[in-house]
Amino acid sequence: MNVYETKEFFEEAGLLFLFEKFQYQFYVTNLLGKSNPEILQSFLNCYEFKENEPIFFDEFAFHFRIFQNISVNNNWIH
398 MNVYETKEFF EEAGLLFLFE KFQYQFYVTN LLGKSNPEIL QSFLNCYEFK
448 ENEPIFFDEF AFHFRIFQNI SVNNNWIH
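Read in the numbering used here, the sequence shown has 461 at position 64, and its numbers run on one by one without any break.
In structure tokens form, the structure reads like this:
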């Protein structure tokens, strides 16, 4: 998944502020680069992130990895 697709998913979910905040970390860690786009889309739609509440990249990555593992291991998303 490239940066433009990733940005689009965040924008569609109304979470562009998160993408802008963590864009560099996404690039450096490649957290989202190898993931299934459907998993990211589902994750962003299931979790609630508020712009005025602080969140660290490590917290975001932790929740995303758990969601990704559950989705893959339970065949929710192929």
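All C-beta atoms, glycine included, are put in the ideal place defined by N, C-alpha and C.
Taking a 10 Å sphere around the C-beta of Phe-414, we find fewer than 16 other C-beta atoms and assign the residue as exposed. DSSP, reduced to helix, strand and coil, places Asn-470 within a helical segment of the structure shown. Straight-line measurement puts the Cα of Met-398 at about 5 angstroms from the Cα of Gly-430. CA-to-CA, the gap between Asp-455 and Gln-465 works out to about 15 angstroms.
Inter-residue distance for Phe-419 and Ala-458 is about 10 angstroms (C-alpha atoms, whole angstroms).
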